[in-house]
Structure formats: structure tokens, C-alpha cells
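Visitor: I'd like to ask some things about the structure below.
Numbering (the UniProt record's numbering), first residue to last: 1 to 275.
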């Protein structure tokens, strides 16, 4: 048998993945499991949107990989489908650790990813933001994911202060802030920030083993072809995931197992591929 060429290998149709994106970080399942209580709470605090008022400020609290980011993205999708005057911005503060970078991400969400911010100061960017949202009577909702990764307390306080109290300088600026954290490390907020923030706390407990199994099973149904993986092996992946207390680990574990099966020309995932 002739040896496969590089092009043959690349073009080969796989027998494992129905949709590999199901195992990716940006996938939001149609049926949202085990965080509906938290999502319902969050939605209940945004009823004022129908009357032109921003939602209450919130703080999402829970260990790493307990569904906080997925829930905020689902929440944003629901809001933006319902209200065309609301701009929702999710910001990863592990990457955007300064006030300038946070405001730049909001600016790009409003004006487009390719907009040029070179030469603009933090003040200039914020001024343009406020002018635009007030002109269109928009409500801005900013989610600061892993907000405790902003580089220091001074930078964090500046960022929160300017967002929370923008309405004092910019008449009719409507802004809501949602902070997301996986750890309760000591963060010192200024009195001026505390007096304006007053967030509603939404808690995300760790997933139980049965919940992990069910979530992973539904990912497998959506992402793999039928018969590729057995429930026994999904349960094994659930064991590893539960021990680590990290749902993302389990999803990645299954994805890697599928990739190994395809690499070795198998039509099924075996226990040897789950590690």
C-alpha cells in the first residue's frame, strides 16, 4: 500500500468528531444545564432594562471552571437578543490587566475590532465611549472576568470608579458592572467604589459527579459520532474531572481522546486514549 502524502492526511475525513467545536472554549450548549438557577437570578435583576434602566451590579463567585463565564455569555446573548439598545462587553482581566486595556476592549466592541486606538489616552478613549453610548441612548453592561487579576488594587479601583460613577460626569450615562472571581483573595476597594458598587452576589458551587457526567455526556452526543465513546468511558472521564474540580479539564480530556483515536485510525475511543 502506498504511503499517504501530507495532503492525503490533511484531507482525510475523520470518523470521530461530528463537531469538534463542541469541545472548544467558545461553545455554548443549546440546553444550558445546572446553572439555570444562577441565570434566572441574573435575569431577574435586569428587569429595569425594559424601562431604560441598567441592571443591578453583580458579582459572580465560584471556583475555577464552575460555569461562571459560560453563564455570563449566555446572559449576554439573552439580553442582546431582547434589547437592541444594550451593549454587553465581556473582558478577560487575566489578559487585560489595566484600566487602559479594559476601556480599549469596550471601545473595540463598540466601534469594531479593527479600530485604531494608537495615540489615544485612557481619558480620550473613555470620553469617546461616553459620547457614543449617550448619543444612541445605549446601556452598557461590562463583565470583568477574573477581575482580581487586574494588576493592582489602585488600577482596579480606578477602573471600577470610572465605570460606576460615569453618570456623575457624563449625564445620562447608563452603565452596569459585573465582576467575576474564582477566589476570594484580599481586594481593597476604596470607599468611593464601595458606595457605588453594592453588587448582588451570585454563587456558583462546584459541580457534583452526576452533573459532570451528564454535562460531559451531552458534549459527547453533540461532538462525537454515535458509538464513538461508551458511557463507561464518559464516567471514567467524569471521575478524573471530579477529582480535579475542573469541568474544562474533562472537556479537554475528551477532545484529546478523540484526537488520539483519529490519529491512530480508530473509529472508537478506548480507555488507552483517556489520559
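Idealized CB from N, CA, C, for every residue including glycine.
The structure displayed is predicted, hence computed values, not measured ones.
1. Taking residue 62 as part of the beta strand (DSSP E), name the residues at either end of that continuous run.
2. Tell me whether the segment 136–148 and the segment 167–175 touch, counting them as touching only if at least three CB pairs, one residue from each stretch, are closer than 8 Å.
3. Specify whether the segment 22–42 and the segment 152–172 touch according to this definition: at least 3 beta carbon pairs, one from each stretch, less than 8 Å apart.
4. Considering only residues of the same chain and omitting the five flanking positions on each side of residue 10, which have a CB-CB separation below 8 Å?
5. What number of angstroms, rounded off, separates the C-alpha of residue 228 from the C-alpha of residue 16?
6. Mind checking residue 267: buried by the 16 CB within 10 Å criterion, or exposed?
7. Would you report the Cα separation of residue 258 and residue 58, rounded to the nearest angstrom?
8. Sorted by chain position, which residues of the same chain lie with C-beta nearer than 7 Å to residue 224's C-beta, five sequence neighbours on each side aside?
9. Label residue 74 either buried or exposed according to how many other C-beta atoms from any shown protein chain fall within 10 Å of its C-beta, with 16 as the threshold for buried.
10. Suppose the cutoff is 8 Å on Cβ atoms and the five residues either side in sequence are ignored; what does the same chain contact list for residue 261 look like?
11. Buried or exposed: where does residue 94 fall if 16 or more other Cβ atoms within 10 Å of its Cβ makes it buried?
12. Within 10 Å of its beta-carbon, does residue 241 have 16 or more other beta-carbons around it, so buried, or fewer, so exposed?
13. Please list the terminal residues of the continuous alpha helix (DSSP H) segment that includes residue 136.
14. Rounded to a whole number of angstroms, what is the C-alpha to C-alpha distance between residue 195 and residue 167?
15. Within this structure, are the beta carbons of residue 146 and residue 192 separated by less than 8 Å?
16. What does the Cβ neighbour count give for residue 254, buried or exposed, with the cut at 16 atoms within 10 Å?
17. Between residue 213 and the rest of its own chain, which residues show a CB-CB distance below 8 Å, the 5 nearest in sequence each way excluded?
18. From the DSSP secondary-structure annotation, give me the bridge partner or partners of residue 259.
19. Counting along the chain, where does the alpha helix (DSSP H) carrying residue 209 start and finish?
20. Please go through the same chain and pick out, in chain order, the residues whose beta-carbon is closer than 8 Å to the beta-carbon of residue 211, but skip the five residues on each side of it.
Guide: This is what the structure holds:
1. Counting from one through the chain shown, the residue named residue 62 turns up at place 62. That run of the beta strand (DSSP E) goes 58–62.
2. By the Cβ criterion, the segment 136–148 is in contact with the segment 167–175, since at least three pairs of Cβ atoms, one from each stretch, lie closer than 8 Å.
3. With fewer than three CB-CB distances shorter than 8 Å, the segment 22–42 does not count as touching the segment 152–172.
4. Mapped onto the chain shown, residue 10 falls at position 10. Any reading at residue 10 must be qualified, since the residue scores a pLDDT of 47, below 50, and its modelled position is unreliable; no value is offered.
5. Locating residue 228 in the chain shown gives position 228, counting from the first residue. Locating residue 16 in the chain shown gives position 16, counting from the first residue. Rounded to whole angstroms, residue 228 to residue 16 spans 6 Å at the Cα level.
6. By 1-based counting over the chain shown, the position of residue 267 is 267. With fewer than 16 other CB atoms across the displayed protein chains lying within 10 angstroms of its CB, residue 267 is exposed.
7. As a working mapping, residue 258 is identified with position 258 in the chain shown. As a working mapping, residue 58 is identified with position 58 in the chain shown. Straight through space, the alpha carbons of residue 58 and residue 258 are spaced by roughly 38 Å.
8. As a position in the chain shown, residue 224 is number 224, starting the count at 1. Within the same chain, residue 224 has close Cβ partners 16, 17, 18, 258.
9. In the chain shown, residue 74 corresponds to position 74, counting from 1. By the 16-neighbour rule on beta-carbons within 10 angstroms, residue 74 is buried.
10. Translated into positions along the chain shown, residue 261 becomes position 261. Only 16, 228, 267, 268, 269, 270, 273 meet the Cβ criterion.
11. Counting from one through the chain shown, the residue named residue 94 turns up at place 94. Exposed, by the Cβ-count rule.
12. On the chain shown, position 241 is the one that residue 241 refers to. Here residue 241 is buried. Its C-beta has 16 or more other C-beta atoms within 10 Å.
13. The sequence position of residue 136 within the chain shown is 136, counting from 1. Here residue 136 belongs to no alpha helix (DSSP H), and DSSP marks it neither H nor E.
14. Here the question's residue 195 lines up with position 195 in the chain shown. Here the question's residue 167 lines up with position 167 in the chain shown. Rounded to whole angstroms, residue 195 to residue 167 spans 14 Å at the Cα level.
15. Taking the first residue of the chain shown as 1, we reach residue 146 at position 146. Taking the first residue of the chain shown as 1, we reach residue 192 at position 192. Remark: C-beta atoms of residue 146 and residue 192 do not approach each other more closely than 8 Å.
16. Taking the chain shown and counting its residues from 1, one reaches residue 254 at position 254. Classified as buried, residue 254 has 16 or more neighbouring CB atoms from the shown chains inside 10 Å of its CB.
17. Translated into the one-based positions of the chain shown, residue 213 becomes position 213. In the same chain as residue 213, and ignoring 5 residues on each side of it, the C-beta atoms closer than 8 Å to its own belong to 234, 235, 238, in chain order.
18. To locate residue 259, count along the chain shown from 1; it is residue 259. Its beta-bridge partners do not exist; DSSP assigns none.
19. The residue labelled residue 209 in the question sits at position 209 within the chain shown. For residue 209, the enclosing alpha helix (DSSP H) starts and ends at 209–223.
20. For this step, residue 211 is matched to residue 211 along the chain shown. The residues are 33, 34.
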